[in-house]
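Numbering of the sequence shown is given in the UniProt record's numbering, commencing with residue 1 and proceeding in unit increments.
Presented below is the structure to which this report refers.
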Amino acid sequence: MNDLFRPHLRRFVLVFFDDILVYSPNQLLHQQHLQTALQLLQEQSFYVKLSKCYFGQSQVPFLGHVITVAGVQVDQDKISAIVSWPIPVNVKDVPLAAFETLKQALISAPVLRLLDFNMPFIVECDASYEGVGAILIQEDHPVAYYSKAFCTFHIADIYAGLLVDPYTNQIIVALKQDPNVVPGYALIDQALLFKGKLVVKEMMLTGGLEMIEALLSCGLKEEPIGAKILEKKVTREKGY
């Protein structure tokens with residue numbers, strides 16, 4: 001469906017699987033845009049179900065949201081479960097004031113502005129050990145939100161595993177004494193990084209020749225089995 005509407009995507013058409021949204025700044029253009037969209041569907045033998053279509057609407061539901069001329073807002077039907085959350089009844093529950101604040105924040109999300117590609121974009125983002133989030137903004141108004149949790153294991157668990165391995169343990173000890181002693185490596189809090197990428201024990205076997213070359217250049221005594229195997233590959237490819 002994206003291929004079918006590709007010349008018109010984000011101009012006056014949005015597509016998500018079989019959900020198609022046609023939007024226009026005025027009624028006259030909207031009729032032309034609808035004719036173009038329906039003609040493309042007809043040419044490729046696609047059919048729409050009339051009972052699931054909305055035409056000439058000032059607001060329309062789309063992917064769990066309500067789109068209006070003012071922007072994008074939460075569909076009230078989708079947040080009925082949050083509205084009916086029971087009030088905490090014991091001291092172990094969240095304090096009432098905090099509970100109500102959280103509920104109101106979830107059910108009264110700010111209306112999102114419809115994006116305008118002729119205007120500059122601003123991205124505000126933040127991250128922690130648990131995840132990352134970002135807001136896309138135009139003219140001091142949110143356009144879109146994004147958030148993603150990191151993998152289920154914790155940085156502390158990875159760090160503990162690296163301390164058990166005699167080879168990575170030596171790297172960590174060396175970096176604590178001198179942050180520049182191991183080429184390509186850095187220790188930030190409890191995260192061991194190789195050229196900006198988080199190191200886990202499995203990477204010692206799959207990190208590739210570049211990582212192993214940097215490790216072998218350190219002159220550390222202990223070597224994992226994977227490093228010994230890849231060392232032969234490195235010397236063979238370099239013609240030593």
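Backbone N, C-alpha and C define an ideal beta-carbon position, used for all residues, glycine too.
Between residue 171 and residue 159, the gap from beta carbon to beta carbon reaches 9 Å or more.
Note on geometry: alpha-carbon atoms of residue 35 and residue 69 lie some 21 Å from one another.
Excluding its 5 nearest sequence neighbours in each direction, residue 122 has C-beta neighbours in its own chain below 8 Å: 136, 137, 138, listed in chain order. Beta-bridge annotation (DSSP): residue 147 is paired with 133.
Within the DSSP secondary-structure output, residue 73 pairs in a beta bridge with 66. Between residue 14 and residue 62, the CB-CB gap stays under 9 Å.
Here residue 101 is exposed. Its C-beta has fewer than 16 other C-beta atoms within 10 Å.
Shown here for residue 53: not one same chain residue has a beta carbon closer than 7 Å to its own, the five before and five after excluded. Cβ-Cβ distances below 6 Å link residue 2 to 15 in the same chain, with the five nearest sequence neighbours on each side left out; the list follows chain order. Look at residue 60 here: in three-state DSSP terms it is strand. Under the DSSP assignment, residue 188 falls in the beta strand (DSSP E) whose first and last residues are 185–188. In this model, residue 37 and residue 22 are separated by some 8 Å (Cα to Cα).
Burial check for residue 67: the Cβ neighbour count within 10 Å reaches 16 or more, so the residue is buried. In the displayed model, residue 31 falls within a helix according to three-state DSSP. Note that the C-beta distance between residue 131 and residue 144 is not below 9 Å. For residue 114, the three-state secondary structure derived from DSSP is coil.
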